[in-house]
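Numbering (the UniProt record's numbering), first residue to last: 1 to 478. Ideal placement from N, C-alpha and C gives every residue a C-beta, glycine not left out. First up is the structure itself, then whatever we jot down about it.
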């Protein structure tokens, strides 16, 4: 390729990469001996060329391209060399009229000679060019990994740069990103409005995580092994911004920020800005952003953005649910599995940071279920584990000593996917309880036969399973 411009088989994306230069742009010499300098021939979409306005492109360039139209298909190679010269001449014209154009910008050369601007191209600098060639925003779609579905691309330029990753988040159009609902803190809010804000909040937090996922972590410790990163705090701040723009008088319980807002509100937002922080710190693909909303103590709406893939190939999938409205993954309805025997089930559990009697009891349960099932996994992110039960890829999940932000979103996913949720002793569950067993429903009684007795033994020994925390003055219906 020419100096300052690289184009050919070593550049499979089709971009013309331009390097900043203070010297005038020089067209390449005609000699092209390397294969990289001669990309494969391409066909021409003649209607699109005829419809272009010759007054809006350089005269010399238009003369070159219109001279190509009568040529038969056998002259494709000659056509392509002339087109390459045309592109160089076109870019040179832009650089002369707009000096900042080539500074880090790019053009996409497509097979039908339609020039598409990338999402970084400043439209205001080229108004005539945009109208003549019908430019549209271009965004890169990364390949799906491990069988996960490809997500739709962002409809407009995001607030944060996600270009360091192969995938981008599916989210609301920018102009409706913060849909101002303006509802009061008491009385029911239509669930279709509430879930819109919940999903937006979770995806906004996930943007922060996606931006940081391939970068070095600044890690601190809340305990001997309990990690917290700057990303946790930044993600929670981004989520709070969305919530406060829509429901400034709602009560919020965040893992990092604690209790914020009006404790007399009917609504309580339980936010885990980065569920599975240890996995995130190691680049292990089992972490998520979790946002669940309670109405008078009962789950009303939830969204979980799970990160899948791995280092340098991260992608996401979004789980969402509303009370009575079903559970969804990337917009498609999901259901728990129908496996009805423990022997054919795949199970998931988790272990807290405190190595006490509850931890030892769960180790024994882990061993027992490993012997009688197809296996027990320990992934390290409660919201992700419960979403996997709702998705039907595992049959059950249990854990002691969880917090409301760990469970508020996940339990609603399971219930709306047709599963069952109780405490580990079999009693009725609420988000403020300290143990949880979720299953596909058909297995629940069989699991309790093995889980409830050791849990009741812990209680008889004085282990406290009373609600861990409930904000003062927060009203519940139970």
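Residue from the options whose Cα sits closest to the Cα of residue i
i           : options               : result
residue 376 : 204, 476, 397 and 332 : 397
residue 385 : 276, 355, 365 and 260 : 276
residue 190 : 232, 295, 259 and 286 : 295
residue 390 : 374, 255 and 439      : 439
residue 481 : 193, 272 and 242      : Residue 481 lies beyond the residue range present for the chain, which begins at 1 and ends at 478; the question has no answer from this structure.
residue 251 : 281, 220, 212 and 292 : 292
residue 193 : 247, 350 and 209      : 247
residue 201 : 352, 465, 242 and 261 : 242
residue 467 : 434, 365, 261 and 453 : 434
residue 369 : 352, 343, 357 and 350 : 343
residue 451 : 422, 475, 461 and 476 : 422
residue 280 : 218, 261, 259 and 240 : 218
residue 333 : 404, 256 and 414      : 414
residue 220 : 208, 233, 210 and 209 : 233
residue 301 : 196, 313, 187 and 445 : 196
residue 331 : 208, 393 and 305      : 305
residue 341 : 313, 372 and 312      : 372
Per-residue DSSP class, three states only, for residue i
i           : result
residue 302 : strand
residue 417 : coil
residue 218 : coil
residue 307 : strand
residue 459 : helix
residue 99  : Model confidence at residue 99 stands at a pLDDT of 42, short of 50, so the residue's coordinates are unreliable and nothing is read from them.
residue 430 : coil
residue 472 : coil
residue 26  : Note that residue 26 has pLDDT 47, beneath the 50 cutoff, so the model's placement of it is unreliable and the number below is only indicative. Residue 26 falls in the coil class under three-state DSSP.
residue 314 : coil
residue 466 : coil
residue 363 : helix
residue 334 : coil
residue 261 : coil
residue 448 : helix
residue 349 : strand
residue 377 : strand
residue 213 : coil
residue 339 : coil
residue 189 : coil
residue 392 : coil
residue 354 : coil
residue 142 : Residue confidence is low: residue 142 scores 38 on pLDDT, short of 50, so the model does not pin down where it sits. Its coordinate-derived value is still stated next. Coil at residue 142, not helix or strand.
residue 247 : coil
residue 477 : coil
Supposed contact pair residue j and residue i - C-beta distance, whole angstroms, cut 8 angstroms
i           : j           : result
residue 337 : residue 328 : Their Cβ separation, rounded to whole angstroms, is 17 angstroms, which puts residue 337 and residue 328 out of contact at 8 angstroms.
residue 198 : residue 303 : 5 angstroms
residue 249 : residue 265 : 6 angstroms
residue 238 : residue 383 : Not really, about 17 angstroms apart at Cβ, beyond 8 angstroms.
residue 463 : residue 297 : Not a contact, Cβ separation roughly 24 angstroms.
residue 408 : residue 270 : 4 angstroms
residue 458 : residue 358 : 6 angstroms
residue 412 : residue 299 : 4 angstroms
C-beta contact flag for residue i and residue j at 8 angstroms
i           : j           : result
residue 335 : residue 441 : no
residue 215 : residue 318 : no
residue 456 : residue 406 : no
residue 206 : residue 231 : no
residue 395 : residue 443 : yes
residue 429 : residue 470 : no
residue 365 : residue 454 : yes
residue 379 : residue 286 : yes
residue 349 : residue 399 : yes
residue 326 : residue 416 : yes
residue 263 : residue 473 : yes
residue 274 : residue 253 : no
residue 556 : residue 410 : Here the chain comprises residues numbered 1 to 478, so residue 556 is not present and cannot be evaluated.
Those residues which DSSP pairs with residue i across a bridge
i           : result
residue 295 : 267 and 298
residue 287 : 307
residue 443 : Looking at the DSSP assignment, residue 443 forms no beta bridge with any residue, so it has no partner.
residue 400 : 435
residue 272 : 290
residue 320 : 303 and 328
residue 252 : 260 and 269
residue 228 : 220
residue 422 : 437
Closer than 7 angstroms: residue i CB and nearest the ligand FAD heavy atom
i           : result
residue 277 : This structure lacks the ligand FAD, and indeed carries no ligand of any kind.
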